[in-house]
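Participant: Position one of the sequence shown corresponds to residue 182 (the working numbering), numbered consecutively onward.
Yeah, the Cβ is synthetic: ideal placement off N, Cα and C, and Gly gets one too.
Everything numeric in this text was worked out from a predicted model, so none of it was measured.
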Amino acid sequence: MSNATEQRIIAAAIRLFSERSSANLTMSDLAAEAGVARGTLYRNVESVEQLFDQVISDLGVKLHANMALSIDALGDIDPALRLPTGLRMLIRIAHDDPAIGRFIVRFGLTNESLRSIVSGPPMQDVAAGVAAHRFDVGEASMLGVASLLIGSAVAAIWTVLEGHQGWREAGSSTAELVLRALGVSSSEARRMSRTQLPPFRGAAAIGGS
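(1) Figure out for me which residue from P260, A193, D317, P379 has the closest Cα to the Cα of P303.
(2) Nearest to L264 by alpha carbon, out of E350, L342, A327?
(3) Any chance the stretch 366 to 373 sits against the stretch 314 to 325, with 3 or more Cβ pairs inside 8 Å?
(4) Let me check understanding here. Comparing Cα to Cα, which of Q231, R196, D257, G216 lies closest to A127?
(5) Please say whether S209 and R287 have beta carbons closer to each other than 8 Å?
(6) In whole angstroms, what is the alpha-carbon distance linking V359 and L329?
(7) Three or more C-beta pairs under 8 Å: does that hold for the stretch 338 to 352 against the stretch 268 to 278?
(8) Q346: buried (16+ other C-beta within 10 angstroms of its C-beta) or exposed?
(9) For I281, which of helix, strand or coil comes out of DSSP?
(10) Could you check where the alpha helix (DSSP H) with R196 kicks off and where it finishes?
(11) For D253, does the count of other Cβ atoms within 10 angstroms reach 16, so buried, or fall short, so exposed?
(12) Given that a residue counts as buried once 16 or more other Cβ atoms are within 10 Å of its Cβ, and exposed if not, what is N205?
(13) Could you give the distance in angstroms between the alpha-carbon of A192 and the alpha-carbon of L363?
(14) Could you round the C-beta distance between L268 and A334 to whole angstroms and report it? I think they count as a contact, below 8 Å.
(15) Between which residues of its own chain and S374 is the CB-CB distance below 7 Å, once the five residues before and five after are set aside?
(16) Between I285, T221, P380, which has its C-alpha nearest V236's C-alpha?
(17) Quick one: grab the DSSP three-state call for F233.
(18) When you compare the CB positions of L342 and G289, do they come within less than 8 Å of one another, or not?
(19) Could you have a look at Q377 and say whether DSSP puts it in helix, strand or coil?
Encoded structure:
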């Protein structure tokens, strides 16, 4: 399967999975949405379930690579800046490509693999922040912190997709609340959550639409 065909199938799958469960999705639906012949799809996709796993893996790799490339370009920055920057970038990507946003909202709290994608790199920032005494999580477990990050990200994306907030407002306010929950002072949390985002390739590089 050519890379272009694969990306069309992945993009179609993200759109359809964001609207319905895999149990209600057929290979014919996928072929029609992707604009490929059913024979092409059957030759390259084992099952809807296999494709769902592939979508999550593909989305995770591209999200991580795209965001990390931009954040790492900033150098060895403070975890208290790196964490909100990544969160705001994720919300921006969901705004730019609503299909990706809806996919994260639909499965971000229920699918273990997607939960790890959303919380994995941010939890590394949390651990670094705790080690550097930039964050204070008190008696909270790291699982509890991960749940906070996932829930905050999913909720912020939902408010953007539903038109309740713009991505800038949702990203900054959510990032500020997360930093406050991690023990960052009010003034610093507000400043860290409103810095200019680094240049990044955005949703077009991830290929949800």
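Facilitator: Let me lay it out:
(1) P260
(2) A327
(3) no
(4) With the chain covering only 182 through 390, there is no way to say anything about residue 127.
(5) no
(6) 8 Å
(7) yes
(8) buried
(9) helix
(10) 184 to 198
(11) exposed
(12) exposed
(13) 36 Å
(14) 6 Å
(15) P265, S353, A356, E357, L360
(16) I285
(17) helix
(18) no
(19) coil
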